[in-house]
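Heads up: the sequence shown at position 27 corresponds to 222 in this note's numbering, and the numbers run straight through without jumps.
Backbone N, C-alpha and C define an ideal beta-carbon position, used for all residues, glycine too.
Quick caveat, the model's predicted, so the values are computed rather than measured.
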Amino acid sequence: MKTSDILIIGGGIAGMSAAYFLAKRGKSVTVLEREDQPGYHSTGRSAALYSETYGPKIIRKMSTASRDFFLNPPEGFTENPILTPRGVILTAAHGNEGAIDELLTEGRANGANVVALTADDIKKLIPILNTDLIACGALETDAMDIDVHALHWGFIRHFKKLGGDLVVNAGVSTITKTATGWQVTAGGETYEAQILVNASGAWADEIAKLAGVTPLGITPKRRTAVMVDLPSDVNAHGWHMVSDLGEGLYFKEDAGRLLVSPSDATPTVPHDVQPEELDIAITIDRLMTATTLKVNRPGEAWAGLRSFFADGDPVSAFDPDSDDFYWLAGQGGYGIQTAPAMGEYAASLICGDGIPDRMVKLGVTEGALAATRPGLARTA
Ligand SMILES: Cc1cc2nc3c(=O)[nH]c(=O)nc-3n(C[C@H](O)[C@H](O)[C@H](O)COP(=O)(O)OP(=O)(O)OC[C@H]3O[C@@H](n4cnc5c(N)ncnc54)[C@H](O)[C@@H]3O)c2cc1C
Numbered sequence: 196m197k198t199s200d201i202l203i204i205g206g207g208i209a210g211m212s213a214a215y216f217l218a219k220r221g222k223s224v225t226v227l228e229r230e231d232q233p234g235y236h237s238t239g240r241s242a243a244l245y246s247e248t249y250g251p252k253i254i255r256k257m258s259t260a261s262r263d264f265f266l267n268p269p270e271g272f273t274e275n276p277i278l279t280p281r282g283v284i285l286t287a288a289h290g291n292e293g294a295i296d297e298l299l300t301e302g303r304a305n306g307a308n309v310v311a312l313t314a315d316d317i318k319k320l321i322p323i324l325n326t327d328l329i330a331c332g333a334l335e336t337d338a339m340d341i342d343v344h345a346l347h348w349g350f351i352r353h354f355k356k357l358g359g360d361l362v363v364n365a366g367v368s369t370i371t372k373t374a375t376g377w378q379v380t381a382g383g384e385t386y387e388a389q390i391l392v393n394a395s396g397a398w399a400d401e402i403a404k405l406a407g408v409t410p411l412g413i414t415p416k417r418r419t420a421v422m423v424d425l426p427s428d429v430n431a432h433g434w435h436m437v438s439d440l441g442e443g444l445y446f447k448e449d450a451g452r453l454l455v456s457p458s459d460a461t462p463t464v465p466h467d468v469q470p471e472e473l474d475i476a477i478t479i480d481r482l483m484t485a486t487t488l489k490v491n492r493p494g495e496a497w498a499g500l501r502s503f504f505a506d507g508d509p510v511s512a513f514d515p516d517s518d519d520f521y522w523l524a525g526q527g528g529y530g531i532q533t534a535p536a537m538g539e540y541a542a543s544l545i546c547g548d549g550i551p552d553r554m555v556k557l558g559v560t561e562g563a564l565a566a567t568r569p570g571l572a573r574t575a
């Protein structure tokens, strides 16, 4: 039997960022991860973008609150910078010009570096685009690529240095309430702790059920990504990412090829999700409509799960009916770019220290990340 202050279920970016900040606060922490590779699920399947204009309001605040950690991580956290310049061009179709006006107004109000683009400007930047389909756009110059592996393993390495224990091949099979906290069996071992943190991504509701806690209704949604080769006369090096504001397509250059996604969000059940042939075909069709490219054979494709609470905002809070069960779930399509702030926020609340001051200054409130929110019912 191994005893810690805190047990975290899930060794993805959510679990490991919280684990790191808890260990920094002097807590003894054990992380239980079912797979042998902690980044095997959503964390290892993302598009790796950091954008302060992307996602709902609370996400944008947590992304901004993460920027300093990304740019100035602790000494020795990673060998190379976590963020590298990319920039993202957001485009609007005819009739949707208002979406760009809104993005520019709000982005500037939040301090993001965003500039308006005409269709001609966009054509000069990304010559393969069929800009007759585009009314206008905006460039967020400070959007960056995230080195997800470096970030995730930075958290893992430093968590371990602080005395934390990450156990892989440790799929949690039973969770029992005890007089002092929780007893959990995983991979044939038994673990005990006062506080249980549910950072199991798409499996968040399953873990709640195992613990006898009412599920919140966290829904995993499938998203597809496909690699596409470029013709030899197209040099995409240095291109910004391109994202259609109608959320029907995005692509970015990746080692001389394009990573393309149809921005799909198909509700499913938690599992080792694989790409569907139809979604791959839709991806290629949308890419060929949006650009001058002819794609005969798509390259490798993958899918990942983005998990959402009903209103699209994440949950980082103790369960209202179980004050030693902490939800860290529903990060949607933003769990990497918000990980430093979300991890620090969770650690601070778990230790009873309240919201970190710099997040309070950004307008982050406990209510925004609470496990039950006005108008949102739990689903049993
Ligand atoms: C195609 C795609 C593109 C994306 N692009 C971006 C992007 O550009 N920027 C961004 O910020 N985010 C992006 N995301 C979202 C991001 O990947 C997720 O928000 C994030 O990875 C969620 O992290 P997590 O730790 O909650 O989940 P996961 O990485 O899935 O980790 C949960 C872990 O819990 C473990 N687990 C589950 N059940 C058990 C159990 N019973 N016992 C033990 N362990 C268990 C799982 O094995 C898993 O490793 C994208 C996602 C996808 C799919």
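CA-CA distance, residue i and residue j?
i: ASP480; j: LYS404; result: 41 Å
i: ASP196; j: PHE354; result: At residue 196 the sequence reads Met, which differs from the Asp that was named. Going from the Cα of MET196 to the Cα of PHE354 covers about 21 Å.
i: VAL464; j: ALA314; result: 40 Å
i: GLY412; j: ASP400; result: 7 Å
i: PHE504; j: THR414; result: 6 Å
i: ALA260; j: ASN275; result: 21 Å
i: ASP552; j: CYS546; result: 15 Å
i: ASP296; j: ALA288; result: 13 Å
i: THR380; j: THR279; result: 41 Å
i: GLU230; j: ASN430; result: 38 Å
i: ALA534; j: HIS347; result: 9 Å
i: ILE341; j: ILE277; result: 6 Å
i: ASN308; j: ALA542; result: 30 Å
i: TYR249; j: ALA374; result: 43 Å
i: VAL343; j: THR238; result: 8 Å
i: GLY396; j: ASP508; result: 14 Å
i: VAL510; j: GLY349; result: 24 Å
i: TRP398; j: ILE201; result: 19 Å
i: ARG262; j: SER458; result: 25 Å
i: ASP316; j: CYS331; result: 9 Å
i: THR478; j: GLY433; result: 22 Å
i: ASP439; j: LYS416; result: 19 Å
i: LYS318; j: ILE351; result: 42 Å
i: GLU384; j: THR409; result: 25 Å
i: HIS435; j: GLY293; result: 22 Å
i: VAL437; j: LYS447; result: 6 Å
i: ASP327; j: LEU571; result: 42 Å
i: ASN171; j: ASP449; result: Not covered by the structure: residue 171. The range shown for the chain is 196 to 575.
i: TYR235; j: MET483; result: 31 Å
i: ILE320; j: GLN232; result: Note that residue 320 corresponds to Leu in the displayed sequence, not to Ile. Approximately 38 Å, taken between the alpha carbons.
i: ASN325; j: ARG501; result: 30 Å
i: ALA565; j: ASP424; result: 44 Å
i: LEU299; j: LEU312; result: 11 Å
Give the DSSP bridge partners of residue i, in chain order.
i: ARG418; result: GLY499
i: ILE203; result: VAL226 and VAL392
i: LYS197; result: TYR386
i: ALA260; result: Answer is none; ALA260 lacks a bridge partner.
i: TRP434; result: Answer is none; TRP434 lacks a bridge partner.
i: ALA288; result: ILE329
i: ARG452; result: ASP449
i: ASP439; result: THR286
i: PRO410; result: PRO410 is not bridged to any residue.
i: VAL423; result: LEU453
i: PRO462; result: LYS416
i: THR279; result: ASP340
i: THR181; result: It is not possible to answer for residue 181, since the shown part of the chain is limited to 196 through 575.
i: LEU244; result: ASP340
Are the C-beta atoms of residue i and some chain D residue less than 8 Å apart?
i: GLY570; result: Of the chains in the structure shown, none is chain D; there is only one protein chain.
Q. Between the region 242–252 and the region 535–542, are three or more C-beta pairs nearer than 8 Å?
A. no
Q. Hey, is the region 439–447 in contact with the region 514–523, meaning 3+ C-beta pairs nearer than 8 Å?
A. Flag = no, the region 439–447 and the region 514–523 do not touch.
(Q) Under 8 Å, with one C-beta from each stretch per pair, do the region 445–455 and the region 303–312 reach the 3-pair mark? (A) At 8 Å Cβ cutoff, the stretches do not touch.
Q | Any beta strand (DSSP E) of 3 or more consecutive residues that is wholly inside the region 347–381 | A | 360–362, 367–372 and 377–381
Q. Between the region 283–291 and the region 318–337, do at least 3 Cβ pairs fall closer than 8 Å?
A. The region 283–291, when compared against the region 318–337, does touch it at the 8 Å Cβ threshold.
Q) Which runs of the alpha helix (DSSP H) spanning at least 4 residues fall entirely within the region 299–353, listed in chain order? A) Within the region 299–353, the complete alpha helix (DSSP H) segments of 4 residues or longer fall at 314–320, listed in chain order.
Q) Are three or more beta carbon pairs between the region 210–223 and the region 350–368 nearer than 8 Å? A) yes
Q) Between the region 509–516 and the region 463–478, do at least 3 Cβ pairs fall closer than 8 Å? A) No, they do not touch.
Q) Counting pairs of beta carbons, one from the region 414–423 and one from the region 489–498, are three or more of them closer than 8 Å? A) yes
Q: For the region 495–575, list the beta strand (DSSP E) runs that are entirely contained and at least 3 residues long, ordered along the chain.
A: 496–503, 510–514 and 517–524
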